[in-house]
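Under my numbering, the first residue of the sequence shown carries the number 203, and numbering increases by one thereafter. Even for Gly, the Cβ is constructed at its ideal location relative to N, Cα and C. Reviewing the structure listed below.
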Amino acid sequence: MVSRERNQRSVALTSIKKPPVNRIPLIQLGVLAAFTLGILAGIDQTRALSAFCGGLLVVIPQSYLTVYAFRYMGARSTKQIAQSFYRGEAGKFVLTFIGFGLVFLLFTAVDLPTLFAGYTLMLVLQWWLTAKALSKPY
């Protein structure tokens, strides 16, 4: 009985929960939708599409990194955690690179300032939400 209690306490003390970063892409998509709809209502369709594509160029690769990097938890998995982060970051870079290529290849009427405005908005929002999520005890 005593050893079981000690075992449960040690598991409770050593288990590390995953940080709540999986909600960040959902929040980003909500902000991106509002931003895109605002541009669509107030300006035009080309700029709205450009802003949407710019935002997706951040959200999709970051979602990949989030899923890939946080697959393993705990001290026994340090090697797997490091490998997951390296692979996730490399995949994020490749997805971003391919995403920009596809946007410039598939959409002839891209408004560059609006594309980069959407990209920058989502990037800054990602940094802020990540810092906020990781600063709280989870």
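Residue i, DSSP secondary structure in three states
i: ASN209; result: The predicted position of ASN209 is uncertain, since its pLDDT is 46 and thus under 50; a value taken from the coordinates is nonetheless stated next. Three-state result, ASN209: helix.
i: VAL305; result: helix
Euclidean distance between Cα positions of residue i and residue j
i: THR248; j: GLN282; result: 43 Å
i: LEU231; j: VAL261; result: 7 Å
i: GLY244; j: LEU331; result: 27 Å
i: ILE241; j: THR280; result: 45 Å
i: VAL305; j: ALA335; result: 31 Å
i: ALA235; j: SER286; result: 30 Å
i: ARG225; j: VAL269; result: 11 Å
i: LEU297; j: TYR266; result: 9 Å
i: VAL233; j: GLY303; result: 24 Å
i: GLY256; j: PHE309; result: 12 Å
i: ALA250; j: THR238; result: 5 Å
i: ALA214; j: ARG273; result: For ALA214, the predicted model reports a pLDDT of 49, less than 50, meaning its position is unreliable and no value from the coordinates is stated.
i: LEU307; j: GLY301; result: 10 Å
i: LEU325; j: SER337; result: 18 Å
N-terminal and C-terminal residue of the alpha helix (DSSP H) that residue i is part of
i: ARG249; result: 247-271
i: ALA311; result: Taken as a continuous stretch (DSSP letters only), ALA311 belongs to no alpha helix (DSSP H), as it is neither H nor E.
i: VAL233; result: 226-244
Nearest candidate by alpha-carbon position, reference residue i, set the options
i: PHE254; options: LEU331, LEU336, TYR321 and PHE299; result: TYR321
i: VAL312; options: ARG273, SER252 and VAL326; result: SER252
i: ARG146; options: GLN264, LEU259 and LEU317; result: The question about residue 146 has no answer here: the residues shown for the chain are numbered 203 through 340.
i: LEU246; options: LEU323, THR316, GLN328 and MET324; result: Residue identity differs from the one stated: residue 246 is Asp in this sequence, not Leu. Closest by alpha carbon: THR316.
i: LEU258; options: LYS294, ALA284 and VAL223; result: LYS294
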